[in-house]
Ligand SMILES: Nc1ncnc2c1ncn2[C@@H]1O[C@H](COP(=O)(O)OP(=O)(O)OP(=O)(O)O)[C@@H](O)[C@H]1O
Ligand SMILES: [Mg+2]
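Chains as they are written, first to last, in the working numbering: chain A, 204 to 611; chain B, 652 to 909.
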């Protein structure tokens, strides 16, 4: 008989019989189960969708708020520098040399500069009020307004002529604290008992909040009416935007050649930039919550897939009978699980983008949805789905084919 | 010419106390172009035999050869490959995808052969017209009669032109008229060249087929083509189990002692 081991008719493993499936068919098989159970597919995908949506929304909202700050910084410019005296070895604030504003103006890429000199006195609305209102009295130069690119809500700033007159310009907060919101009644203030006419009120300065809480008089007027010795306590300057760092590096030497270490140079826009980074903790917390809902969603998918494998015993048996290998069966269920999760990911990305758009729009921000975040959301969902599908797919692949085709 | 299928002293035991001997030293040879009915009472091992022939299950001992290839040398993946190319299955419960058209269901029979979809659909349409459903390609199973569904399943089994078509109780869910139609279809496909093994409870249906193999307690007790079982073959098959007997569930243990 041909079954005899020595018989030449008996052949061993014929390699020409190989099951193979085209990638497009593997995907078709893997999504067939989802397409034929649409309701369940949608409900199962919701968990992932919520997780991805919250992550995308968190990233989108923080990116939008950041984009808004950056736009603000761009608008305000990053070429405004501020020079202040550092503290000396005793911790006392030193003054800047009297000639320093002129020296600063002599640096090539400096476009404009103005000094402020804090006077050791206070400003009141009238002589009967003596409370400390936290308003600084600064003697300054007319160039200050151009240097800080400030604007006035009322009146005008000091000029060459008014710098030597008993007139004052109020910072926005100072005006508020002193109780002025217009110049209609030709208001005056008292500085060290001397009456100064208010000729202007500044708008809020986004880069220099300390100037909002100050009033400004001319350098000459400070000497003339208050008998004050004007020593610069700060210099504001605009550098050519391409040479900000160069200017910054030569400033200490220029301002105080004798003691460059006692000069502090800062860039007011840096403070705004720092604000763009503050909400990291909250962001991480929300991302964590999104991550938790992703895990819950993934477990949900694994759960539904296990049930699906039990329900589809017959289909699995049929596919094995048609020539599917264990690997093909496992692949089908992994693809199914990954597609299910991918669907959730796509819904989640759309939802998260919508939330970002809505929220940022309401805040009046620029809408910035990070594309990398969207791609990551979809990719995370895909990988998560594939992982969630591993256990169910192994169970499906392990089903004994003879058992699977048996009528239940 | 070597047989397309050969079983040599095949036994199959399922674990248990005592172990269940579902196949007991079965030897059988089937030539290409045959149409065989396997009959026997419930629990006699017909489905087990079918699974072993169809390579869904491995025998505990003995050899199975398909087209001269010893199956014991094949891995699980190798067996799947063999099924994809050489074996077509028809089941009692059809195993059709409810949401897919007749055409798509039949085309599924070629998915694991790596046939591209366009060609698959073309071949599926041909197979459907061979089973007389050329006009219902887009129909979905829920809208088809039992007979039509089984014809879709038969088309799926033959679409890849397998060496052997195995049908386990293909008429089990059908009325007698439809069952006769299905058996006639099998006969026609056999005339066209297919090698077909049909399991059936229905004595009358089996009687119409060219060769009948009778089983009881996991053993072949009659084979109209096998001269080696002369004693049994000499007697009429009705003696092995009448159609009335078949409908009763035979006590296997009792049968063994008898
Ligand atoms: N997976 C299994 N585990 C244990 N015993 C099994 C298994 N499958 C079948 N059997 C036993 O093997 C014997 C043969 O079963 P089989 O299904 O092959 O019979 P059959 O002739 O197809 O019966 P039926 O006509 O009812 O379908 C029976 O006693 C059955 O209980
Ligand atoms: Mg059976």
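Where is the CB? At the ideal position from N, CA and C, for every residue including glycine.
Excluding five sequence neighbours on each side, which residues of the same chain lie with their C-beta closer than 8 Å to the C-beta of residue i?
i	result
residue 610 of chain A	none
residue 423 of chain A	366 and 367
residue 393 of chain A	326, 327, 328, 329, 330 and 399
residue 357 of chain A	385, 386, 403 and 404
residue 545 of chain A	581, 584, 585 and 588
residue 569 of chain A	267, 270, 271, 274 and 563
residue 795 of chain B	753, 787 and 803
So, are the CB atoms of residue i and residue j less than 9 Å apart?
i	j	result
residue 538 of chain A	residue 250 of chain A	no
residue 253 of chain A	residue 558 of chain A	no
residue 674 of chain B	residue 689 of chain B	no
residue 821 of chain B	residue 849 of chain B	yes
residue 680 of chain B	residue 741 of chain B	no
residue 283 of chain A	residue 471 of chain A	yes
residue 500 of chain A	residue 416 of chain A	no
residue 581 of chain A	residue 534 of chain A	no
residue 815 of chain B	residue 833 of chain B	no
residue 770 of chain B	residue 734 of chain B	no
residue 388 of chain A	residue 349 of chain A	no
residue 685 of chain B	residue 781 of chain B	no
residue 851 of chain B	residue 683 of chain B	no
residue 324 of chain A	residue 395 of chain A	yes
residue 353 of chain A	residue 408 of chain A	yes
residue 775 of chain B	residue 760 of chain B	yes
residue 593 of chain A	residue 532 of chain A	no
residue 312 of chain A	residue 446 of chain A	yes
residue 871 of chain B	residue 653 of chain B	no
residue 491 of chain A	residue 259 of chain A	no
Between which residues of its own chain and residue i is the CB-CB distance below 7 Å, once the five residues before and five after are set aside?
i	result
residue 321 of chain A	339, 341 and 436
residue 881 of chain B	For residue 881 of chain B, the pLDDT reaches just 46, beneath the cut-off of 50, and the residue's location in the model is therefore unreliable, leaving the point undetermined.
residue 778 of chain B	757, 806, 809 and 810
residue 702 of chain B	708
residue 426 of chain A	433
Tell me the DSSP bridge mates of residue i?
i	result
residue 671 of chain B	B/665
residue 874 of chain B	B/864
residue 819 of chain B	B/742 and B/850
residue 288 of chain A	A/466
residue 404 of chain A	A/357 and A/373
residue 398 of chain A	A/393
residue 439 of chain A	A/285 and A/317
residue 244 of chain A	Paired residue(s): none; residue 244 of chain A is not in a bridge.
residue 343 of chain A	A/319 and A/421
residue 801 of chain B	The partner list for residue 801 of chain B (beta bridge, DSSP) is empty, contrary to what the question assumes.
residue 764 of chain B	A/223
residue 659 of chain B	B/714
residue 681 of chain B	B/656
residue 327 of chain A	A/393
residue 686 of chain B	B/847
Just the Cα atoms here: how many angstroms apart are residue i and residue j?
i	j	result
residue 661 of chain B	residue 676 of chain B	5 Å
residue 373 of chain A	residue 390 of chain A	11 Å
residue 788 of chain B	residue 766 of chain B	19 Å
residue 438 of chain A	residue 285 of chain A	6 Å
residue 664 of chain B	residue 223 of chain A	32 Å
residue 505 of chain A	residue 596 of chain A	10 Å
residue 542 of chain A	residue 698 of chain B	37 Å
residue 600 of chain A	residue 763 of chain B	15 Å
residue 830 of chain B	residue 244 of chain A	38 Å
residue 526 of chain A	residue 868 of chain B	30 Å
residue 731 of chain B	residue 754 of chain B	23 Å
residue 247 of chain A	residue 750 of chain B	20 Å
residue 797 of chain B	residue 744 of chain B	10 Å
residue 704 of chain B	residue 836 of chain B	22 Å
residue 235 of chain A	residue 229 of chain A	10 Å
residue 255 of chain A	residue 514 of chain A	29 Å
residue 465 of chain A	residue 375 of chain A	31 Å
Once the 5 residues before and after residue i are set aside, which same chain residues still bring their CB inside 6 Å of it?
i	result
residue 204 of chain A	Legend: pLDDT at residue 204 of chain A = 44, less than 50; position of this residue unreliable, value from coordinates given subsequently. Closer than 6 Å at Cβ, skipping near neighbours: no residue.
residue 355 of chain A	403 and 405
residue 841 of chain B	686 and 847
residue 792 of chain B	747, 749 and 800
Please tell me whether, using a cut-off of 8 Å, the distance from the CB of residue i to the nearest non-hydrogen atom of ligand 4 is below it.
i	result
residue 700 of chain B	This structure lacks ligand 4; its bound ligands are ligand 1 and ligand 2.
**Prompt:** When a residue counts only if its C-beta is closer than 7 Å to some heavy atom of ligand 2, which residues count, in chain order?
**Reply:** B/697, B/698, B/819, B/820 and B/850
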